[in-house]
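So the protein lines, in turn, are chains A and B.
In terms of my numbering, the first sequence opens at residue 1 and continues consecutively.
In terms of my numbering, the second sequence opens at residue 1 and continues consecutively.
Note that beta-carbon positions come from the ideal geometry of N, C-alpha and C, so glycine has one too.
The model shown is predicted, which means the values in this text are computed figures rather than measured ones.
Notes follow once the structure below has been shown.
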Amino acid sequence: MNACRLPGFAYWTYMVNLISHTPGLDPMLPRPFRVARAIRETADVVTLELEAPAGPPLRFDPGQFTMLYVFGVGEVPISISGDARKPERLVHTIRSVGLATEALCMLRKGGVVGVRGPFGSRWPMEQARGGDVVVVAGGIGLPPLRPVIYHILHHRKDYGRVYLLYGARTPSDLLFTEELKRWQHTLSHAPGASPVLVTVDRAEGSWDGAVGMVTSLIPNLRLDPAHTTAMIVGPEVMMRFTIAELRKRGIPEARLYLSVERNMKCAVGFCGRCQLGLQFVCKDGPVFAFSQVRNWMTQKEV
Amino acid sequence: MSKTSLEHYLAEHPFFHGLRPKDIEWLAGLAQPLAYEVGDYLYHEGDESRDFYVIQEGLVRLEVHTPGRGYLTIQTLGPGEVLGWSVMMPETRKTFDARIFQATRLLAFDAAAVRKRSEEDHHLGYELCKRFSRVIGERLQATRLRLLDLYGQPH
Chain A
1 MNACRLPGFA
11 YWTYMVNLIS
21 HTPGLDPMLP
31 RPFRVARAIR
41 ETADVVTLEL
51 EAPAGPPLRF
61 DPGQFTMLYV
71 FGVGEVPISI
81 SGDARKPERL
91 VHTIRSVGLA
101 TEALCMLRKG
111 GVVGVRGPFG
121 SRWPMEQARG
131 GDVVVVAGGI
141 GLPPLRPVIY
151 HILHHRKDYG
161 RVYLLYGART
171 PSDLLFTEEL
181 KRWQHTLSHA
191 PGASPVLVTV
201 DRAEGSWDGA
211 VGMVTSLIPN
221 LRLDPAHTTA
231 MIVGPEVMMR
241 FTIAELRKRG
251 IPEARLYLSV
261 ERNMKCAVGF
271 CGRCQLGLQF
281 VCKDGPVFAF
291 SQVRNWMTQK
301 EV
Chain B
1 MSKTSLEHYL
11 AEHPFFHGLR
21 PKDIEWLAGL
31 AQPLAYEVGD
41 YLYHEGDESR
51 DFYVIQEGLV
61 RLEVHTPGRG
71 YLTIQTLGPG
81 EVLGWSVMMP
91 ETRKTFDARI
101 FQATRLLAFD
111 AAAVRKRSEE
121 DHHLGYELCK
131 RFSRVIGERL
141 QATRLRLLDL
151 YGQPH
């Protein structure tokens with residue numbers, strides 16, 4: 001590999017000086033937040049609504065994440081899944097996959113969690129204005145995209161046709177099912193349109209929707225491809241195939257955005273744990289234009 | 001749908017797009033518009049493959065019945081999708097049930113007529129084989145991705 005370039009000493013000195021000389025800015029210090037509400041979404045997914053007992057609410061933009069610290073257990077990066085217009089309730093939707101996320105999913109009302117952030121880049125809500133929007137979520141990829149849907153709903157007239165394509169493992173793994181039903185109407189651009197398209201990998205029993213890959217929903221969308229922006233979150237294999245399908249539809253590469261997940265520790269570009277090629281996922285991402293990460297997505301062990 | 005608008009629909013459809021005008025005209029003459037209600041069966045497992053279909057509206061489920069578990073859904077197919085890729089092979093039988101899940105309008109194309117014309121006109125036959133190969137490839141790719149269980153718990 002020849003393209004790796006670690007930040008030099010001057011960069012570290014600059015960052016250390018910036019932090020130590022800026023009053024109130026210590027991105028490594030968690031702020032305690034209290035759990036106002038814990039909602040069990042599925043067997044392994046919980047939504048936590050957090051409130052700051054003291055100090056101002058934590059303002060964020062769609063796409064950003066925080067580091068959530070369960071005291072004595074560990075700290076993990078989690079995308080914010082709430083409404084940026086309602087920062088007084090800081091909302092995260094968490095899947096239990098390891099020690100820290102399992103501990104987060106066990107928290108109940110009144111529990112305390114440490115919060116650092118918000119960190120990271122934003123979804124291109126401004127660039128997408130005036131055109132059509134395709135939001136593609138796979139599995140636990142829906143929560144980082146929910147702030148996008150809220151933003152569009154608050155500014156519905158600024159966007160053209162909007163589609164949310166959502167793929168999950170089984171019907172019982174579907175998140176935010178009540179909201180999905182509401183969005184079928186509120187996101188609609190015309191009477192009779194179906195902006196929310198849900199598909200599952202496997203279905204038994206009473207499921208009355210589609211069964212198949214989320215990519216199979218793309219060929220028949222009614223879009224103005226040249227003026228369509230796509231925002232994608234899911235397992236990387238799913239994102240690669242989704243991008244290929246969107247490109248087949250003629251959506252320009254420059255209008256494809258995705259959120260990338262890597263192990264993070266510091267979240268401020270210090271530790272290099274989340275480095276992806278020339279980028280740090282924590283500060284240059286997690287939202288990237290596809291062109292920024294295209295060459296790295298097919299590199300193994302990167 | 002008039003014959004002219006049917007020809008236009010087929011010429012624009014991704015499956016038929018690029019075929020010679022005389023082939024589009026012939027296929028438009030062959031196409032039989034059909035409508036089905038929820039709960040109807042398009043065909044059953046074991047039926048002879050008599051037609052292939054282009055779904056214009058609605059949702060069709062490919063199902064298999066398993067004792068003790070009821071009907072299992074293999075896949076659903078919606079507007080624009082092509083159903084019945086096995087028609088290019090003679091004497092094949094359907095391997096799954098196709099049940100109408102949302103009221104469906106589709107075009108049916110007689111398989112024997114398509115095969116006969118393809119034997120007489122290898123250019124058309126080759127073009128159709130390429131198009132059905134693409135359908136088979138897409139189904140295979142989707143099946144492989146679902147086998148990966150991408151949304152499952154990391155191990």
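Assign F270 of chain A to one of three DSSP states: helix, strand, or coil.
F270 of chain A falls in the coil class under three-state DSSP.
Please name the residue, chosen from A:V211, A:F241, A:E236 and A:K248, that lies closest to R262 of chain A on a Cα-to-Cα basis.
A:E236
Using the beta-carbon of each residue, which ones in chain A are nearer than 8 Å to F101 of chain B?
Within chain A, the residues placing a beta-carbon under 8 Å from that of F101 of chain B are D208, ordered along the chain.
Could you confirm whether any beta carbon from chain B is found closer than 8 Å to the beta carbon of V237 of chain A?
yes
Against D173 of chain A, what residues of chain B qualify as contacts under a CB-to-CB distance less than 9 Å, listed in chain order?
Y151
Is DSSP giving T4 of chain B helix, strand or coil here?
helix
Start and end of the beta strand (DSSP E) containing F65 of chain A?
F65 to V70
Which bits of chain B does A344 of chain A rub up against, with CB to CB less than 7 Å?
With chain A covering only 1 through 302, there is no way to say anything about residue 344 of chain A.
Just to confirm my understanding: we take R61 of chain B, look at its own chain, exclude 5 residues before and 5 after, and list those with CB closer than 6 Å. What are they?
T73, T76, R99 and F101
Here's a check: name, in chain order, each residue in its chain whose Cβ is nearer than 6 Å to the Cβ of I39 of chain A, leaving out the five neighbours to either side.
So the qualifying residues of the chain are T47.
Is T93 of chain A close to chain B? Criterion is C-beta to C-beta, closer than 8 Å.
no
Looking at C-alpha atoms only, which residue of A:I149, A:G114, A:W183 and A:G117 is the closest neighbour of A230 of chain A?
A:I149
Skipping 5 residues on each side, what residues in its chain have a beta carbon closer than 8 Å to that of P195 of chain A?
R161, V162, Y163, L164, W183, Q184, L187, S188 and H189
Whole angstroms is fine: what's the gap from F288 of chain A's alpha carbon to R134 of chain B's?
32 Å
Below 7 Å CB to CB, which residues in the same chain sit around V38 of chain B once its five sequence neighbours on both sides are set aside?
I100, F101, Q102 and A103
Does the segment 50-57 of chain B come close enough to the segment 105-121 of chain B to have 3 or more Cβ pairs within less than 8 Å?
yes
Do L251 of chain A and T228 of chain A have their CB atoms nearer than 8 Å?
One point to set straight first is that residue 251 of chain A is Ile, not Leu, in the sequence displayed. Yes. Within cutoff.
Thinking C-alpha only, which one of A:P30, A:F65, A:K283 and A:L50 is nearest G74 of chain A?
A:P30
E41 of chain A by DSSP, collapsed to three states: which one?
strand
Where does the unbroken alpha helix (DSSP H) through Q292 of chain A begin, and where does it stop?
F290 to M297
V87 of chain B: which of B:E120, B:G80, B:Y53 and B:T66 sits nearest, CA to CA?
B:Y53
Given 8 Å as the limit, is there contact between the segment 263-271 of chain A and the segment 166-181 of chain A, that is, 3 or more CB pairs closer than that?
By the criterion of at least three beta-carbon pairs nearer than 8 Å, the segment 263-271 of chain A is not in contact with the segment 166-181 of chain A.
Within a Cβ cutoff of 8 Å, which residues of the same chain sit near G46 of chain B, ignoring the five residues on either side of it in sequence?
R93 and K94
Give a yes or no on whether the C-beta atoms belonging to I94 of chain A and V45 of chain A are separated by under 8 Å.
yes
Go through its chain and collect everything with a Cβ distance to G125 of chain B's Cβ below 6 Å, but skip five positions before and after it.
Contacts found: S118.
Whose C-alpha, out of A:P32, A:L58, A:G98 and A:P124, is nearest the C-alpha of G114 of chain A?
A:P32
Can you check whether the CB of D158 of chain A is closer than 8 Å to the CB of D224 of chain A?
no
Does I74 of chain B come out as helix, strand or coil in the three-state DSSP assignment?
strand
So what does I94 of chain A bridge to, in DSSP terms?
A:V46
Does DSSP classify I100 of chain B as helix, strand or coil?
strand
In chain order, what residues of the same chain lie with their CB nearer than 8 Å to the CB of V200 of chain A, ignoring the 5 residues before and after it?
These residues qualify, in order along the chain: G167, A168, R169, T170, P171, D173, L174, W207, G209, A210 and V211.
Which stretch, first to last residue, makes up the alpha helix (DSSP H) that contains G29 of chain B?
P21 to L30
Closest Cβ-Cβ distance between L59 of chain B and chain A: below 8 Å?
yes
Would you say the segment 274-285 of chain A touches the segment 76-85 of chain B, given that touching needs at least three Cβ pairs under 8 Å?
no
So, for G111 of chain A: in the same chain, excluding its five sequence neighbours on each side, which residues have a beta-carbon less than 6 Å away from its beta-carbon?
V35
Going by DSSP, which residues form a beta bridge with I232 of chain A?
A:V136 and A:L258
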